[in-house]
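Chemist:
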Amino acid sequence: MDFLTEALKPIPVVVWGGPALEHCGGRAFNYGYIFIVNECDRDLAAAKLLDAGCIRADWSWGSIDPASLQKLDENAQRIHKKSILEYEDIDKNSIRFVFPPERVSIMNEPIALVLPSFAGLGPPRTAVLGSRESAQSGTQNDENPTRLPKSPQAHVLVQGENILQEHTAQEGASLAATPQEDIPREDKPQKDKIQEDKSQEAVTLLESQTLLERELYPESESLQPIKSQQNSELLRDVKHIPGIEKLQGGTEFLENTADDSKFTCVDGFLYYPRLPVLLETIIRARLRVPEEKLSCWATMLEVWAITYLWAPTMAPYDILDGIEDEEVKAWFNKATKRFEGGIDRVTNTKRKGRVASTRPPVDLDTLFD
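Using our numbering, read the sequence shown as starting at 7 and increasing by one per residue.
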């Protein structure tokens, strides 16, 4: 975990999955690392992981790299191939990596970057603005290794943004230097012409950024959300461009309304969800998978929510009563048998198995605030 946080610094990320469960008092073995990043920071986060030596994992979250898979017996290979379809949701909505070979001790656990839409949660809005400023200052200082990734992919992304910004600035300066009386009356743009030009400029900028993303992630066309623009006026124009969903790959704009009270912030950029928030988001991710569909991923989320988080922390049955999502509350009440006499938390937890956590004890009273 320390290796990953050092690599991602200072990008604001929500720590999700196993490490987040441990932070909330869960005492169970958890597999893999999942970080929620804002759309504007996703490419930089991916480039930083690559720069730290992580390897891009094109295979399923529930499998292993093809080279290692070929060394297993036929039965093991068959099981892996069969389980891949059961991790479809996380596979289609994440960019995955594995640790550098020199960092692997027993097994190479997967690392995933997901967007806020996956669990309905992302870093706070204040963190988005701070992240953008940090990323910009990093692109201007090649000597700061914590801010500017050294990988070729990161260089392409940063260079592309600088060219676009420089080009826009030069055009603005040229326009300002031209006296108004030198512009022929018939050539002066009308109101409709101005709006049309601004829309075209937004489309051009969006297409350039999308091409850069596809160059880094050629096989992940479903993960092509629009980046947040620095110019708020341009962002408003982009929202109203006809066919914008097609340009975005079908991804809608997601307003990040998370606030700091939902998290415990560590080192200024790691956001650990508080227990009620983490429980709600895990259930929300579980509800993405249809009930009738067999899924190891859905089962894992169920175990995270009830067996590894709610049961061992002795959280109250009414912990989610204050949220607005009725579907999440209904699922939780059914899973915990709240109105059917409840469940034996001790038996439920022991049946799934527990191991000692490597994290220091947490004051559980602070987790429910």
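Here a beta-carbon is modelled for each residue, glycine too, at the ideal position from N, C-alpha and C.
Please state the DSSP three-state secondary structure of Cys-46.
Modeler: Correct three-state label for Cys-46: helix.
Chemist: Trp-303 lies in the alpha helix (DSSP H); which residues open and close that run?
Modeler: Counting along the chain, the alpha helix (DSSP H) containing Trp-303 begins and ends at 302-308.
Chemist: So what does DSSP say about Gln-171, is it helix, strand or coil?
Modeler: Low per-residue confidence applies at Gln-171: pLDDT is 44, beneath 50, and the placement is therefore not dependable enough to give any value.
Chemist: From the DSSP output, in three-state form, read off Asp-266 for me.
Modeler: Helix.
Chemist: For the region 43-59 against the region 14-30, are there 3 or more C-beta pairs whose distance is under 8 Å?
Modeler: Yes, the region 43-59 touches the region 14-30.
Chemist: From Val-21 to Tyr-278, what distance separates their C-alpha atoms?
Modeler: For Val-21 and Tyr-278, the distance between alpha carbons rounds to 5 Å.
Chemist: Just reading off the beta strand (DSSP E) that Trp-22 is part of, what are its end residues?
Modeler: Per DSSP, Trp-22 belongs to the beta strand (DSSP E) from 19-22.
Chemist: Less than 8 Å between the beta carbons of Leu-127 and Leu-315, yes or no?
Modeler: Contact flag unset, no.
Chemist: What's the gap between the Cα of Asn-81 and the Cα of His-29?
Modeler: Straight-line Cα distance between these residues: approximately 37 Å.
Chemist: Note the first and the last residue of the continuous alpha helix (DSSP H) segment covering Ala-118.
Modeler: That residue, Ala-118, is in no alpha helix (DSSP H); its beta strand (DSSP E) goes 116-120.
Chemist: Between Pro-106 and Gly-59, is the Cβ-Cβ spacing less than 8 Å?
Modeler: It is a contact, given that the beta carbons lie within the stated cut-off.
Chemist: For Leu-281, which of Ala-311, Glu-297, Pro-296, Thr-305 has the nearest alpha-carbon?
Modeler: If we check each option's Cα against that of Leu-281, Ala-311 comes out closest.
Chemist: Going by C-alpha distance, which of Ile-329, Ala-317, Val-352, Gly-328 is nearest Ala-341?
Modeler: Measuring from the Cα of Ala-341, the nearest candidate turns out to be Ala-317.
Chemist: DSSP state of Pro-279, grouped into three classes?
Modeler: Note: Pro-279 maps to strand in three-state DSSP.
Chemist: Just how far apart, CA to CA, sit Asp-47 and Glu-108?
Modeler: Between Asp-47 and Glu-108, the C-alpha separation is close to 27 Å.
Chemist: Secondary structure at Val-292, three-state DSSP: helix, strand or coil?
Modeler: It should be noted that the sequence gives Arg, not Val, for residue 292. Arg-292: helix per DSSP, three-state reduction.
Chemist: Is it the case that the Cβ atoms of Leu-300 and Glu-92 are separated by a distance below 8 Å?
Modeler: Contact: yes.
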